[in-house]
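Peer 1:
Protein chains in written order, with the working numbering: chain A, 11 to 439; chain B, 11 to 439.
(1) What in chain A is Cβ-close to residue 118/B, meaning under 8 Å?
(2) Kindly list, in the order they appear in chain B, the residues whose Cβ is closer than 7 Å to that of residue 317/A.
(3) Quick one: any contact between the segment 188-202 of chain B and the segment 327-335 of chain B, if contact means 3 or more CB pairs under 8 Å?
(4) Any beta-carbon of chain A closer than 9 Å to the one on residue 86/B?
(5) Can you pull the chain A residues whose beta carbon is under 7 Å from the beta carbon of residue 80/B, in chain order?
(6) What residues from chain B crowd round residue 261/A, counting only those whose CB sits closer than 8 Å?
(7) May I have the straight-line CA-CA distance separating residue 74/A from residue 121/A, to the nearest angstrom?
(8) By the 10 Å Cβ neighbour count, where 16 or more other Cβ atoms means buried, how is residue 276/A classified, buried or exposed?
(9) Is residue 132/A near residue 30/A, with beta carbons less than 9 Å apart?
(10) How long is the line joining the alpha carbons of residue 287/A and residue 339/A, rounded to whole angstroms?
(11) What are the partner residues of residue 368/A, as DSSP defines its beta bridges?
(12) For the beta strand (DSSP E) that residue 134/B lies in, which residues bound it at each end?
(13) Measuring alpha carbon to alpha carbon, tell me which of 372/B, 318/B, 341/B ends up nearest residue 295/B.
(14) Would you kindly report the start and end of the unbroken beta strand (DSSP E) that includes residue 295/A?
(15) Please say whether residue 256/A and residue 155/A have beta carbons closer to each other than 9 Å?
(16) With 7 Å as the limit, tell me which residues of the segment 285-309 of chain A have their beta carbon closer than that to any beta carbon of chain B; keep them in chain order.
(17) In chain order, what residues of the same chain lie with their CB nearer than 7 Å to the CB of residue 433/A, ignoring the 5 residues before and after it?
(18) Below 8 Å between beta carbons is the criterion; list the residues of the segment 367-400 of chain B that meet it against any residue of chain A, in chain order.
(19) Name, please, each residue of chain A whose Cβ falls closer than 9 Å to the Cβ of residue 440/B.
(20) Would you please verify whether the beta carbon of residue 170/A is less than 9 Å from any beta carbon of chain B?
(21) Where does residue 152/A land, buried or exposed, given buried means 16+ other C-beta within 10 angstroms?
(22) Buried or exposed: residue 95/A, going by 16 or more other Cβ atoms within 10 Å of its Cβ?
(23) Compare the beta carbon distance of residue 337/A and residue 272/A with 9 Å and say whether it is the shorter of the two.
(24) Can you name the start and end residues of the alpha helix (DSSP H) that residue 212/B belongs to?
(25) Please state the DSSP three-state secondary structure of residue 87/B.
(26) Tell me, to the nearest whole angstrom, how far the beta carbon of residue 220/A is from that of residue 189/A; I am working on the premise that it is less than 8 Å.
(27) Report the three-state DSSP secondary structure of residue 197/B (helix, strand or coil).
(28) Which residues, in chain order, does the segment 35-65 of chain B contribute to contact with chain A at a C-beta distance below 8 Å?
(29) Which bits of chain A does residue 249/B rub up against, with CB to CB less than 8 Å?
(30) Please classify residue 431/B as buried or exposed, where buried requires at least 16 neighbouring CB atoms within 10 angstroms.
(31) Report the option in 365/B, 182/B, 45/B whose CA atom is closest to the CA atom of residue 112/B.
(32) Can you tell which of 381/B, 101/B, 184/B has its C-alpha closest to the C-alpha of residue 314/B?
(33) Run down chain A in chain order and give the residues with a C-beta less than 7 Å from the C-beta of residue 76/B.
(34) Can you pull the chain A residues whose beta carbon is under 7 Å from the beta carbon of residue 145/B, in chain order?
(35) Could you name the residues of the same chain whose beta carbon sits closer than 6 Å to that of residue 284/A, not counting the 5 residues immediately before and after it, in chain order?
(36) Can you name the residues of chain B whose CB is closer than 7 Å to the CB of residue 358/A?
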C-alpha cells in the first residue's frame with residue numbers, strides 16, 4: 011500500500027524556509043515578553059474536555075474540540091486555547107506565590123474548524139497573562155506588550171490598529187435594554203457573531219433570550235458605532251459606567267507613553283470567549299489586502315471559579331502565528347528575512363587523505379560557535395563552490411595538500427569573492 | 011461543578027522553574043544541530059494513523075497511538091515519533107533538493123503508555139537526520155552530534171556510554187540460524203524485548219516464527235555478548251559482514267576524533283523500530299542511580315518505500331527531554347542552573363505622581379534589551395526591595411521626587427549592595 015505524502019487537512023509541513031519565518035515570529039514574542047519580566051511556562055498538550063467545555067464558548071469548547079478517548083475511557087482534548095490551562099496551573103500555586111504572576115508560553119493548539127486563509131486546524135500561539143493584579147495598570151501592560159510585539163516587526167505607520175473595548179460596557183448596555191442576567195452570555199455570543207450571521211438569524215436568537223424589538227434595535231445601533239462621540243450621543247446612559255471610565259484612562263495612558271497613533275476605542279469589539287469580564291481588545295491589520303483581526307485579549311477574573319477557587323484577577327492576550335504571518339506578508343515585512351545569505355561555512359572533502367583533519371578542523375571551528383557543514387563524500391573544489399552558492403552559504407573552507415603542508419586552510423568568502431589563508435594550530439584530537 | 015486542577019495522567023505542568031530546565035536542554039539541542047549545519051523544520055502534530063501503523067512497530071504504531079476521529083470520519087493520531095513524518099516531508103522534496111538534506115526539529119509527542127520514571131505520555135524530542143547520504147560518513151556525523159550534545163552538558167568522565175551496533179549484523183545472525191526472511195521483523199521485535207519478557211515467553215514467540223532449539227540458544231548467547239572478541243569467538247561466521255566492518259570503521263574514526271572514551275560496540279543493541287536497517291546506537295547513563303537508555307538512533311533507508319518512493323538513504327537520532335533531564339539530575343548537572351540570580355530589573359511605583367515617568371523609563375531600558383518588571387501598584391521602597399529579593403532579581407530602580415528633580419534614577423544592585431544614581435535624558439514619549 012502506498013501512503014499519501016501530504017499533511018493532514020488544516021495542518022502544514024514547515025520546511026526550513028517556512029520554519030525560519032515562524033521562528034522569527036516566535037523569537038519576537040519571546041524577546042518582548044522576556045523584556046517585560048514574563049516567565050515562560052508550558053501546559054500539557056491535552057486536558058480533560060470538561061476544562062474547555064466550561065467557558066471556552068460554543069465553538070472552541072464544543073464541536074471544534076479534537077477529542078481522544080484513552081484506554082481507561084477518559085476523554086481528553088487537544089488544547090484549543092491556553093487560557094483555561096494556564097488558569098488551572100495558576101490556581102494550584104496562586105495562594106503561595108508572590109503576586110503579580112507574569113507568565114507567557116508559546117505552544118501549539120488544534121481546533122477542528124474549516125481551514126481557511128488565516129485559520130489552520132493546528133496553529134501556534136503566544137499567551138501572556140498577569141494574574142493577581144486587579145487595577146488597570148495590569149490592563150495597560152498587557153496592551154503595551156501587544157503594541158510592542160507589533161512594533162518589533164517595524165511596520166509602517168497606520169498599518170495596524172488596536173481596538174479597545176470593555177465587557178462591563180456591554181453588560182451595562184444589556185442591562186439598560188432589559189436583557190436578563192442569565193441571558194447575558196448568550197447575548198454576548200450573538201453579538202460576537204454579528205458580522206457572520208444574517209439579520210433574521212440574529213433576531214431569532216435574540217428573541218429567544220427575551221429581547222424585545224427595542225432591545226434588538228439598540229443592539230444593532232450599538233454594533234454599528236465606531237466613535238466615542240457617537241456612543242455618548244446614542245447611549246447617554248452609558249456615560250458614567252466603569253467600563254467607559256477604564257477605557258478612557260487606558261487610552262490616556264497609552265497616548266502619554268507614545269502609542270496614541272496605534273489605538274482606538276471601538277464599542278463593537280466583543281471577543282468570543284465566555285470568560286471575558288473586563289477590558290477586551292483586538293488588533294487589526296489595516297492593509298486593504300488583508301483586513302482582518304490579527305489577535306486579541308482581555309480580562310477574565312472569573313474563570314478561576316471553575317476550579318472552585320476565589321476569583322483570580324487575570325488579564326492576558328494571545329497572538330497567533332498564522333495571522334501575524336499574513337500581516338507581515340501584507341506589508342512586505344518578510345522580504346529581508348527571505349533574501350539574506352547565511353553566515354555558514356562549508357567544509358568539503360577535496361582530498362581523501364585529509365578526512366580526519368577536516369573532521370578535526372570542523373570540530374574546532376564549531377567549538378568557536380561557527381556553523382560548519384561537512385562534505386560527506388569526495389568532491390572537486392569547483393563543485394564544492396557551486397554547492398555552497400546554491401545553498402547560500404557565505405564561506406567555503408578548502409583543506410588540500412598545500413594547506414596541510416603549511417598548517418593553514420583556505421577561506422573563501424562567497425559574498426565578497428575574497429580568499430585568504432588562515433593558520434591553525436595542530437589538528438589533533 | 012468544580013474541576014480538578016491537576017494535569018492529565020502522564021502529562022506535566024511546566025511552571026517557570028521546570029521550563030528553565032527544559033529550555034536549557036532544548037537550547038543545547040538547537041545549538042549543536044545548528045553548528046553542524048542542520049536546518050530546523052516542523053511537521054504537523056497529527057497525521058493519518060496509517061503513517062504510524064506502517065513501520066513504527068507494534069507498540070508505538072499500535073495500541074499506544076492517541077487517535078482522533080474527525081468530523082469527516084478520518085482517523086488521525088498525535089505523532090508518537092517523528093521519523094515517519096519527516097520521511098513523508100522529505101519524500102515530497104527529495105528529487106528536487108540539493109543533497110544531502112540535514113534536518114532537525116524539536117517537537118512534542120504523545121504515546122498512550124503507562125507513565126513511569128523516564129516515560130511520560132507527552133514528551134519532547136529532538137530529531138536530527140541526514141537524507142540522501144549513503145556512506146558511513148553520514149552515520150559518523152549522526153554519532154558525533156549525539157556525543158557533542160551529551161558533552162555540551164559538561165558531564166564527568168565515564169558518566170555515559172554510546173553503544174553501537176548494526177542491524178545488518180543482526181540480519182546476518184538470523185540468516186545463519188535459518189530464520190526466514192519474512193520472520194526477521196518479528197524476530198527483531200522479540201530480541202528488542204529480551205530484557206522485558208520472560209524466557210518461556212521469548213521461546214514461545216521465537217518458536218512461532220520457526221526458530222528451532224539451536225536458533226533460540228544462539229540468539230540467547232548473542233544477546234549476552236558485550237565485547238567484539240566474544241562475538242568473534244562465538245560467531246566466527248559473522249566476521250566478514252558489512253555490519254561488523256562498518257561498526258569497526260565508525261569506532262576507528264570516532265576514536266581519531268577524540269571520542270574514544272565514550273563509545274563501545276554492543277551487539278545486543280536492537281532499537282525497537284521496524285524501519286531500522288543499518289547502523290543503530292543507544293546512549294546509556296552509567297550512573298548506578300539511573301542506569302537506563304537515554305536515547306538512540308540509526309539508519310533507516312527503507313522507510314520511504316511506504317510512500318512509494320525509491321529508497322531514500324536516511325540516518326538519524328532522537329534524544330528525549332525526560333531521559334536527558336534524569337541524566338542531568340543523576341550527575342548534579344542542573345545545580346548551577348537552579349541557583350543563579352537573574353539579571354532582571356524591578357521598577358516599582360514609589361510615588362504615584364511619577365507613574366508616567368516610570369513607564370517611560372521602563373520603556374527606554376527595555377529598548378536597550380534590559381529585562382524590566384514594572385510595579386503595578388504603589389509600594390514603599392523597603393517593601394519593593396524585599397519583593398525583588400524574594401523574586402531573585404538583581405536590580406531595583408527607584409524613581410522618587412529627588413530623582414525626578416535631578417533627572418536621575420537610583421539603581422540598587424542586590425547582589426553587591428551597591429547603589430548609584432544614573433542620569434537619563436528626558437523621559438518623554
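A virtual CB, placed ideally from N, CA and C, is assigned to each residue, including glycine.
Peer 2: A quick look at the data gives this:
(1) 55, 118
(2) 12, 13, 15
(3) no
(4) yes
(5) 122
(6) Simply none; closest approach about 14 Å.
(7) 5 Å
(8) buried
(9) no
(10) 34 Å
(11) Looking at the DSSP assignment, residue 368/A forms no beta bridge with any residue, so it has no partner.
(12) 132-141
(13) 341/B
(14) 289-295
(15) no
(16) none
(17) 417, 418
(18) 369, 370, 373, 376, 379, 380, 381, 382, 383, 384, 386, 387, 397, 400
(19) The structure shown does not extend to residue 440/B, since chain B is modelled only from 11 through 439, so no value can be given for it.
(20) no
(21) buried
(22) buried
(23) no
(24) 209-218
(25) strand
(26) 7 Å
(27) helix
(28) 44, 45, 46, 47, 49, 50, 51, 52, 53, 54, 55, 56, 57, 58, 60, 61, 64
(29) Chain A residues near residue 249/B: none, gap ~26 Å exceeds 8 Å.
(30) exposed
(31) 45/B
(32) 101/B
(33) 78
(34) 386, 387
(35) 65, 67, 195
(36) Chain B residues near residue 358/A: none, gap ~12 Å exceeds 7 Å.
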